[in-house]
Structure formats: structure tokens, C-alpha cells
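Q: What follows is a single structure, and I will ask about it in a moment.
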Amino acid sequence: MPELPEVETVRRGLARWSLNSTINAVQVLHHRATNPRSVAPLDVVAGASIAEISRRGKFLWFDLDRPYALVAHLGMSGQFRIQPVGAPDEKHLRARLLLDGHQELRFIDQRTFGWLAVSANEGPVPQLVSAIAPDIFDPLFDRSAVINKYRKKETEIKRALLDQNLMSGVGNIYADESLWRAKIHPQSRCDELSPRKIENLLAAAEIVMSKALVEGGTSFDSLYINVNGESGYFAHSLEAYGRENEPCSRCATHIRRIVFGGRSSHFCPKCQRL
DNA sequence: CGTTGCGCCTGTTAGC
DNA sequence: TGCTAACAGGCGCAAC
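Those letters in the first sequence? Residues 0 to 273, per numbering that gives the first Met the number 0, in order.
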């Protein structure tokens, strides 16, 4: 499940292998690979060269030598792979970009929640990304303003953490990890948390995602890999997510899993009290 | 307007 | 053993 550290790992791989390349052709192999909000069919980027590869939260995009960008979201299972021309097609290959130098940039996506799109790129971020809040590593991230936004929310803190309009990049894994680290129960009401607690939570999110980035992200299976096909190693470092009935590393109480808001939350019932 | 729930997908696993 | 149901869950939109 690609969240900020995984998407950033992919972005760095893409930058290393495709920066300054020209996109010679685009081939779309599945109708869901194109986001319906794309302003044009994907093959309009043919002939463009890749000037920069950028990211906000879980969205990434190719800045082109044109007034529009090629935006990508990996969804649940999206992958980019750099492959030599002629390599056998992957089972869930959804689109391929032919680059100069006999390389292909392939978009592979089992569950088809991921997509590509062409979007106007004349502001700070492409139009398609403009509604997404800056992530915690963005120079535009305003920590005190974001703390105030969380404090005004009339919902549980876990839900708010997943809201990409407040702060982007955090998904279910890093939400649970951040809450564990900050010792906050996922069902705590936002408007009952002190500014200090929320500040601690943001600091925890920043630390957890920084550590994950160093490890190349979290891989449970082959659904998340980087552009070289390599897995990340942060799964070994998870303290709460996916550890139901295993002992908390701080107090040995068994981690509990509950479901609310349609998703699983993992937490230590002793360290993270309501 | 803010919050909540649903639908979109497919491969794996748990349970009967 | 073989089938069905549950599960994974980011995002956009509809509904309340």
C-alpha cells in the first residue's frame, strides 16, 4: 500500500532512471489506467521530455517541457518499472511509455485503483493535485495552521489523519504507526486533543515516515516494489500495523485491532488510552 | 458546509 | 477438497 515513503522511493527511482528522457510513445492497455479527469488522452505527452519528477503526498507527476504534466497515483497496487524494450509483459501491465535509449517505463497495477492523467501544470502543482494539502516534508507545510485545522475537526483523529485535505501522504499504515508512537488512541476526538498532543502526533508522523524512507518503504508482498523491482524493509520496524495479538514493544500488552470508518486500526490498549 | 458511507477492483486467505 | 466470504484500502462522490 504505497503511502508517502513508498511513493517518494518510487519518485527517486524514476528521477534516477528517466530524468531528461524523451517520451517517444505511450501505449494504454487498460481503460482504467487513464483517470477520467485527464484533460486529454495519455498519448498527447508523446514527444515531450521529462524535466522533473515531483510529489505531493501520495501523488506524483512528471513535469514536462510543456504547460501540462503527466500525473500518477499508485492507488493500492500501482507500480512503475523501468524495463528494456522487449522484456515480457507483466501480468497486470496497464500502460507503457517508450523512452529514448531503448527503455520502457511501465505502469503495472493489479487492483486498478491507480491511474495516470494529463493535467494543466501552470501553478505550484498540477491542477489535479491542487486540492491535496501539502505533506509534512513540503516547504509549504504550515505546522501551526495544520494543528489548528486538526483541532477543529469533529471526528476521530484516525479519520482526520487519513484526510488528504488536512495533511497529505499518511495512509492506514503510517497513521497507526504515528498514533502508536505519539501514544494516542485512534478514536480520540480531534477537538478534545490538546495542541501539544497534536504537535507530538505530527512529530511522530515525520519521524516514522523518515525512518521508513531510509528503509525504502514498507513491503508486505510483491504489491509494493520500487522501479528496480526491489522491496522495502520497513515492515520489520512496524510497531502496531499488522501486529494484532503481538506484544507492544513498550509494555508487552497485546496489540488490538478494531474496525471503524471502514478500515482496520491497530493500537496498544494500554499505551493508547481513550 | 462538514461528516460519513459506498463503490470501484482482484488476489489471497480464512472458514465451512 | 472445494467453494464462498472476508479482507486489503485510497480516493471521489453521493447522501445525510
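Yeah, the Cβ is synthetic: ideal placement off N, Cα and C, and Gly gets one too.
On a predicted model such as this, the values are computed, not experimentally measured, just so you know.
Could you give the first and the last residue of the continuous alpha helix (DSSP H) run that contains Tyr-173?
A: On the first sequence, residue 173 is found 174 positions in, with the first residue counted as 1. Counting along the chain, the alpha helix (DSSP H) containing Tyr-173 begins and ends at 171 to 181.
Q: Short check: CB of Phe-106 to CB of Phe-136, under 8 Å?
A: Indexing the first sequence from 1 puts residue 106 at position 107. Indexing the first sequence from 1 puts residue 136 at position 137. The answer is no: Cβ separation not under 8 Å.
Q: What's the C-alpha gap between Ser-167 and Lys-57?
A: Indexing the first sequence from 1 puts residue 167 at position 168. Indexing the first sequence from 1 puts residue 57 at position 58. Ser-167 and Lys-57: Cα-Cα distance of roughly 7 Å.
Q: Do Arg-54 and Val-6 have their CB atoms nearer than 8 Å?
A: Residue numbering aside, residue 54 sits at position 55 when the first sequence is read from its first letter. Residue numbering aside, residue 6 sits at position 7 when the first sequence is read from its first letter. Yes, Cβ-Cβ distance for Arg-54 and Val-6 is below 8 Å.
Q: Closest by CA to Ser-263, which one among Asp-141, Leu-13, Ala-174, Arg-150?
A: The sequence position of residue 263 within the first sequence is 264, counting from 1. When each option's Cα is compared against that of Ser-263, the closest is Ala-174.
Q: In or out: Leu-139 buried (at least 16 other Cβ within 10 Å) or exposed?
A: As a first step, residue 139 is located in the first sequence; it is residue number 140 there, counting from the start. By the neighbour-count rule (16 or more Cβ atoms within 10 Å), Leu-139 is not buried but exposed.
Q: Have a look at Pro-133, Gln-126, Glu-245, Tyr-67 and flag the residue whose alpha-carbon is nearest the alpha-carbon of Cys-267.
A: Working through the first sequence from its first residue, we reach residue 267 at position 268. It is Glu-245 whose Cα lies nearest to the Cα of Cys-267.
Q: Classify Ser-143 as helix, strand or coil using the three-state DSSP reduction.
A: Here residue 143 is taken as the residue at index 144 of the first sequence, counted from 1. If DSSP states are grouped into helix, strand and coil, Ser-143 belongs with the helices.
Q: Using beta-carbon positions only, say whether His-101 and Val-84 come within less than 8 Å of one another.
A: Translated into the one-based positions of the first sequence, residue 101 becomes position 102. Translated into the one-based positions of the first sequence, residue 84 becomes position 85. Less than 8 Å divides the Cβ of His-101 from the Cβ of Val-84.
Q: Measure how close the beta-carbons of Gln-82 and Ile-131 come, nearest whole angstrom, since I'm counting them as under 8 Å.
A: As a first step, residue 82 must be located in the first sequence, where it is residue number 83. As a first step, residue 131 must be located in the first sequence, where it is residue number 132. A Cβ-Cβ separation of about 29 Å leaves Gln-82 out of contact with Ile-131 under the 8 Å criterion.
Q: Which stretch, first to last residue, makes up the alpha helix (DSSP H) that contains Asn-34?
A: By one-based count along the first sequence, residue 34 stands at place 35. Per DSSP, Asn-34 belongs to no alpha helix (DSSP H) and is neither H nor E.
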